[in-house]
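Position one of the sequence shown corresponds to residue -5 (the numbering used here), numbered consecutively onward. Below: the structure, in structure tokens.
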Amino acid sequence: MRRFLIRTIPIVGLSFFVAIMLSASYMKKPRNQEENVDQFISNTIEYVKKEEWNNAEKEMEKLDLAWNKILKRVQFSSELDQINYLSESIDKAKGGIMAKDKGITLSNLTSFYEEWQNIGE
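Quick look at the structure:
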């Protein structure tokens, strides 16, 4: 019995941690409409292209809230650099919206979207 436990406990523990580390693609999926990051990004990009800054700002707030919810789920299975980059891109895009600068905002939203697609790969 002792020998069985000595072999089984490490295997189960390692399997559990490997499952957590590989779960990013599953964990980033939205559980409800309030967490649909893809939709918020595309809506924000469309509003910025049309220069509807008030709507873009509202969508950015929704995107930020959704990112903060999903961040809690993916933080253990994603790299810290990716997480920091995504948070920084959101902050820069918010600044671009406040300044009503189409180029900065679109650049940061596009880079956020590209990095968002890479989480879990």
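Ideal Cβ positions, reconstructed from N, Cα and C, are used throughout, including at glycine. Just so we're clear, the structure is a prediction, and the values are computed from it rather than from any experiment.
Comparing alpha-carbon positions, which option in the options lies nearest residue i?
{"i": "residue 73", "options": "10, 24, 18 and 5", "result": "18"}
{"i": "residue 63", "options": "105, 24, 4 and 12", "result": "24"}
{"i": "residue 103", "options": "6, 91 and 114", "result": "91"}
{"i": "residue 112", "options": "76, 66 and 37", "result": "76"}
Rounded to whole angstroms, how far is the Cβ of residue i from the Cβ of residue j, which I believe are closer than 8 Å?
{"i": "residue 31", "j": "residue 110", "result": "6 Å"}
{"i": "residue 35", "j": "residue 79", "result": "In fact, because the Cβ distance is near 15 Å, the residues do not count as touching under 8 Å."}
{"i": "residue 98", "j": "residue 61", "result": "Residue 98 to residue 61, Cβ: 19 Å. No contact."}
{"i": "residue 16", "j": "residue 71", "result": "7 Å"}
Beta carbon of residue i, beta carbon of residue j: below 8 Å?
{"i": "residue 100", "j": "residue 39", "result": "yes"}
{"i": "residue 88", "j": "residue 47", "result": "no"}
{"i": "residue 53", "j": "residue 37", "result": "yes"}
In angstroms, rounded to a whole number, what distance separates the CA positions of residue i and residue j?
{"i": "residue 2", "j": "residue -4", "result": "10 Å"}
{"i": "residue 69", "j": "residue 4", "result": "24 Å"}
{"i": "residue 58", "j": "residue 44", "result": "21 Å"}
{"i": "residue 14", "j": "residue 65", "result": "14 Å"}
{"i": "residue 21", "j": "residue 10", "result": "15 Å"}
{"i": "residue 28", "j": "residue -2", "result": "46 Å"}
{"i": "residue 114", "j": "residue 49", "result": "30 Å"}
{"i": "residue 33", "j": "residue 81", "result": "17 Å"}
{"i": "residue 6", "j": "residue 105", "result": "38 Å"}
{"i": "residue 67", "j": "residue 96", "result": "31 Å"}
Taking Cβ positions only, does residue i come closer than 8 Å to chain B?
{"i": "residue 14", "result": "In the structure shown, chain B cannot be found, because there is only a single protein chain."}
ask   = Which runs of the alpha helix (DSSP H) fall wholly inside the segment 38 to 109 and span at least 4 residues, in chain order?
value = 47 to 68 and 74 to 92
ask   = Quick one: complete beta strand (DSSP E) runs, 3+ long, within the segment 6 to 34?
value = none
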